[in-house]
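Structure record follows, encoded as structure tokens.
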Amino acid sequence: MEAFSCRCYQFNLLLVMLFVTADIISTVEFNHSGELLATGDKGGRVVIFQQELESKNQPQCRGEYNVYSTFQSHEPEFDYLKSLEIEEKINKIRWLPQKNAAQFLLSTNDKTIKLWKISERDKRPEGYNLKEEDGRYRDPTTVTTLRVPVFQPMDLMVEASPRRVFANAHTYHINSISVNSDCETYLSADDLRINLWNLEITDRSFNIVDIKPVNMEELTEVITAAEFHPNQCNTFVYSSSKGTIRLCDMRASALCDQHSKLFEEPEDPSNRSFFSEIISSISDVKFSHSGRYMMTRDYLSVKIWDLNMESRPVETYQVHEYLRSKLCSLYENDCIFDKFECCWNGNDSVVMTGSYNNFFRMFDRGYRQDVTLEASRESSKPRSVLKPRKVCTGGKRKKDEISVDSLDFNKKILHTAWHPQDNIIAVATTNNLYIFQDKL
Amino acid sequence: MFPKGTKRKFSDSGDEPAAGGEDVNQPSSVAVRMLSSYSLQRQSLLDMSLIKLQLCHMLVEPNLCRSVLIANTVRQIQEEMTQDGTWQIMTQALSAANAAAQCSADRLVATEVLCRQTEATQGEQVLKPFPAVGSEGCPAEEEVVVEGEGGVTMSTVSPQAPTSYLPGTFGMDPCWEEENGEDEEEDEDSEECGSGSEEGDSDRLVEDSRTAEQVFGTFEIKNPAPSPDPALEELFSDVDASYYDLDTVLTGMQSAPKMGPYDLLESLSSHGPSPLSSSTSCRSDLNELDHIMEIIVGS
Numbered sequence: 001m002e003a004f005s006c007r008c009y010q011f012n013l014l015l016v017m018l019f020v021t022a023d024i025i026s027t028v029e030f031n032h033s034g035e036l037l038a039t040g041d042k043g044g045r046v047v048i049f050q051q052e053l054e055s056k057n058q059p060q061c062r063g064e065y066n067v068y069s070t071f072q073s074h075e076p077e078f079d080y081l082k083s084l085e086i087e088e089k090i091n092k093i094r095w096l097p098q099k100n101a102a103q104f105l106l107s108t109n110d111k112t113i114k115l116w117k118i119s120e121r122d123k124r125p126e127g128y129n130l131k132e133e134d135g136r137y138r139d140p141t142t143v144t145t146l147r148v149p150v151f152q153p154m155d156l157m158v159e160a161s162p163r164r165v166f167a168n169a170h171t172y173h174i175n176s177i178s179v180n181s182d183c184e185t186y187l188s189a190d191d192l193r194i195n196l197w198n199l200e201i202t203d204r205s206f207n208i209v210d211i212k213p214v215n216m217e218e219l220t221e222v223i224t225a226a227e228f229h230p231n232q233c234n235t236f237v238y239s240s241s242k243g244t245i246r247l248c249d250m251r252a253s254a255l256c257d258q259h260s261k262l263f264e265e266p267e268d269p270s271n272r273s274f275f276s277e278i279i280s281s282i283s284d285v286k287f288s289h290s291g292r293y294m295m296t297r298d299y300l301s302v303k304i305w306d307l308n309m310e311s312r313p314v315e316t317y318q319v320h321e322y323l324r325s326k327l328c329s330l331y332e333n334d335c336i337f338d339k340f341e342c343c344w345n346g347n348d349s350v351v352m353t354g355s356y357n358n359f360f361r362m363f364d365r366g367y368r369q370d371v372t373l374e375a376s377r378e379s380s381k382p383r384s385v386l387k388p389r390k391v392c393t394g395g396k397r398k399k400d401e402i403s404v405d406s407l408d409f410n411k412k413i414l415h416t417a418w419h420p421q422d423n424i425i426a427v428a429t430t431n432n433l434y435i436f437q438d439k440l
Numbered sequence: 001m002f003p004k005g006t007k008r009k010f011s012d013s014g015d016e017p018a019a020g021g022e023d024v025n026q027p028s029s030v031a032v033r034m035l036s037s038y039s040l041q042r043q044s045l046l047d048m049s050l051i052k053l054q055l056c057h058m059l060v061e062p063n064l065c066r067s068v069l070i071a072n073t074v075r076q077i078q079e080e081m082t083q084d085g086t087w088q089i090m091t092q093a094l095s096a097a098n099a100a101a102q103c104s105a106d107r108l109v110a111t112e113v114l115c116r117q118t119e120a121t122q123g124e125q126v127l128k129p130f131p132a133v134g135s136e137g138c139p140a141e142e143e144v145v146v147e148g149e150g151g152v153t154m155s156t157v158s159p160q161a162p163t164s165y166l167p168g169t170f171g172m173d174p175c176w177e178e179e180n181g182e183d184e185e186e187d188e189d190s191e192e193c194g195s196g197s198e199e200g201d202s203d204r205l206v207e208d209s210r211t212a213e214q215v216f217g218t219f220e221i222k223n224p225a226p227s228p229d230p231a232l233e234e235l236f237s238d239v240d241a242s243y244y245d246l247d248t249v250l251t252g253m254q255s256a257p258k259m260g261p262y263d264l265l266e267s268l269s270s271h272g273p274s275p276l277s278s279s280t281s282c283r284s285d286l287n288e289l290d291h292i293m294e295i296i297v298g299s
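Residue numbers (the UniProt record's numbering), protein chains in the order written: chain A, 1 to 440; chain B, 1 to 299.
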């Protein structure tokens, strides 16, 4: 595709922040206002960034994010029964809609979900009668007058405290969590089951989907992702390793093993190979903000589905079709099992997903344009717009193009996030977090 | 699966494999070569998949989704090979080989126990399926065969091998052996053995998720080599998944293969459904095994 001869919608992105994390980033998520950006890593840590308020001096730097809070969410555990370690890696973070001054988020590893409260403290009480300022107790006999302690301003302190721990409900590895629009419940999905929780109750959850066969030898399909509908609190979807998406209505029955809708695209027989099933496995599913569409990511493509049409997607975008002829090698080195995520922009007009070689792709649904960009220090010069990249699939390689054989498959962008309102995106490479914003 | 005559594409092959049954009746040298090339590639994909299932990292619970996808791929290949008739050939070869050599009778050691043993000696011995390689005397010849519809078996077949590469039990069911007998019968009789494999089965898993992982094609190392060859150690210790490269173009992403893809295919083909060859040609067998080891482990 020609690089932007017709510039109706331009992706003019500037790098505004690059953060190097201590460990491999495993999840990235903006909160509902976009003011906060949370990342989880392989070491069980959560780092939250906060957007700087627009200052009069630098109105163009609205994308600037600074570290707001860092805390250890999960620790490695040992399952004594199975003699296996439970990784502390944070698989997903989901923010709750803000209700008061504090922020709440859910973070999960393979087995345990935790609700964290992040609150600010910028005042502290001073003037105690029985305590000195440094905390030592005063001798009561020295107290001759009484005073009322008052709050004095202090340096901002951000505290993260675990408010709930939802444990022991998943035999298999949790791959998704999703907060319901009712803000009271949320779902957690592992390879074979989906559970419904009440945010207040930690010792009980309802199992709403169970695809575990009676005979495990018959297991041929697992759950790969699940999400609640953004508006309808009774509706959720889950995707499978066979490329299907099931939409379920919780009003229909307590156990939603029977789907209300089954979304599946018939296979293209001309493309059939031994890898067909593997590349059809869906790695991520995301509803549009409107709730009318959902997007799925499989190994080679991004598909947009209309919830009213189950037979096939309404749009399909090829992320890196040039890999189709390399599937055997990608199977060999396990890259074919990489789970790429995808995301919508605020008004559902553009979708974004990652690829290899630190490339990420954006598809403009309206203007039918797409672009390949790179998140790397070399290509992100300060104050200059990101240049579109192109992969050369054969024949003569033009200048600035990169050939398929030169792609670095260790540099993969699995996690990306888009600000809910603005054109600010967060892109995670292995252990670098890039924040780009639209050039104003 | 596919009706005969449907064109199938094996992704990474430069050649388009010939349509199923038609060309067999009118052999042209090109068609025959393409067909055998397809079979070789399919066989190597099967080998690769079985090894992937074996190499589960037992410290952390392995990825169930990945295992399921690989197992499904193995099943697909199995079904296709059953329809082609290749499956029966391999099965018969294995049973002949097993009869000839005194293979270890204790195939039924619990998967869990064995994997734990593997785990204990993880860094060194997890990848030592061929203890006879590199040692003196007649090497064991390794075959990847599939035993009926039962577990996939990798057996070191050698009269002298003190260590035996335990056939993978796809299940911990103590009835496995008798069922195996039944399965072999089924293979010969039933036309629908391909679809039957969905049921009774190669992938008998137990409830426990971890065991499910193990059982997805685990090839237990029952008795690791007592005194490992240090060169061999080094070979095995560094697991590089890029052990071969079916598409020569993609050099950027992997280390350069030690040999070209066609060398590998040839060495595999000589190793394919051929029955146990006697140990008279020790040296060539050893070289062959070296080749295969390189493929599998990725030097």
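Glycine included, every Cβ here is placed at the ideal spot set by N, Cα and C.
Cutoff 7 Å: residue i Cβ touching any chain B Cβ
i, result
"Asp41 (chain A)", "no"
"Thr220 (chain A)", "yes"
"Phe337 (chain A)", "yes"
"Glu87 (chain A)", "yes"
"Glu277 (chain A)", "yes"
"Ser241 (chain A)", "yes"
"Tyr172 (chain A)", "yes"
Partners in chain B for residue i, counting only beta-carbon separations shorter than 7 Å
i, result
"residue 441 (chain A)", "What the structure shows of chain A is the stretch from 1 to 440, and residue 441 (chain A) is not part of that stretch, so it cannot be assessed."
Buried versus exposed, by CB contacts within 10 Å (16 or more), residue i
i, result
"Cys328 (chain A)", "buried"
"Leu235 (chain B)", "Caution applies to Leu235 (chain B), whose pLDDT of 44 falls short of 50 and renders its modelled position unreliable; the value that the coordinates give is listed next. Its Cβ being crowded by 16 or more others within 10 Å, Leu235 (chain B) is buried."
"Asn410 (chain A)", "exposed"
"Val20 (chain A)", "exposed"
"Glu332 (chain A)", "buried"
"Pro313 (chain A)", "buried"
"Lys399 (chain A)", "exposed"
"Ile201 (chain A)", "exposed"
"Glu61 (chain B)", "buried"
"Asp257 (chain A)", "exposed"
"Val237 (chain A)", "buried"
"Asp191 (chain A)", "buried"
"Ala252 (chain A)", "exposed"
Minimum Cβ-Cβ distance from residue i to chain A less than 7 Å
i, result
"Val30 (chain B)", "no"
"Arg33 (chain B)", "no"
"Leu94 (chain B)", "no"
Beta-carbon neighbours of residue i, restricted to chain A and to distances below 7 Å
i, result
"Leu53 (chain B)", "None at all; the shortest Cβ gap to chain A is about 12 Å."
Neighbourhood of residue i by C-beta, 7 Å cutoff - its chain only, sequence neighbours within 5 removed
i, result
"Val302 (chain A)", "Met295, Tyr317, Val319, Cys342, Val351, Thr353 and Phe363"
"Glu264 (chain A)", "Gly243 and Thr244"
"Asn198 (chain A)", "Glu184 and Thr185"
"Thr429 (chain A)", "Asn358, Ala375, Lys411 and Ile413"
Interface residues of chain A facing residue i [CB-CB closer than 9 Å]
i, result
"Met48 (chain B)", "Cys328, Tyr331 and Glu332"
Listed by chain order, chain B residues near residue i by CB distance under 8 Å
i, result
"Ser260 (chain A)", "The premise fails here: Ser260 (chain A) is roughly 24 Å from chain B at the closest Cβ pair, so nothing lies under 8 Å."
"Tyr367 (chain A)", "Neighbours of Tyr367 (chain A) on chain B: none; closest Cβ ~33 Å, over 8 Å."
"Ser281 (chain A)", "Cys65 and Leu69"
Contact set for residue i: own chain, Cβ-Cβ below 6 Å, skip 5 residues either direction
i, result
"Glu88 (chain A)", "Gly44, His74, Glu75, Pro76 and Asn109"
"Leu36 (chain A)", "Ile48 and Gln50"
Neighbouring residues, chain B, relative to residue i (Cβ below 9 Å)
i, result
"Leu14 (chain A)", "Correct list: empty, because the minimum Cβ distance to chain B is about 30 Å."
"His415 (chain A)", "Here the premise fails: no neighbours, minimum Cβ distance about 17 Å."
"Thr224 (chain A)", "Cys65"
Residues of its chain near residue i, where Cβ-Cβ distance is below 8 Å and the 5 sequence neighbours each way are ignored
i, result
"Asp182 (chain A)", "Cys233"
"Ile77 (chain B)", "Arg42, Leu45, Leu46 and Ser49"
Does the stretch 206-226 of chain A touch the stretch 114-127 of chain A, meaning 3 or more C-beta pairs lie closer than 8 Å?
With a cut-off of 8 Å, the stretch 206-226 of chain A and the stretch 114-127 of chain A do not count as touching, because too few Cβ pairs lie within range.
Against chain D: residues of the stretch 179-204 of chain A by CB proximity under 7 Å:
Any reference to chain D falls outside this structure, whose protein chains are A and B.
Would you be able to state if there are at least three C-beta pairs under 8 Å between the stretch 93-102 of chain A and the stretch 123-136 of chain A?
At 8 Å Cβ cutoff, the stretches do not touch.
Contact the stretch 405-419 of chain A vs the stretch 26-42 of chain A: 3+ CB pairs below 8 Å:
Contact between the stretch 405-419 of chain A and the stretch 26-42 of chain A is established, with three or more Cβ pairs separated by less than 8 Å.
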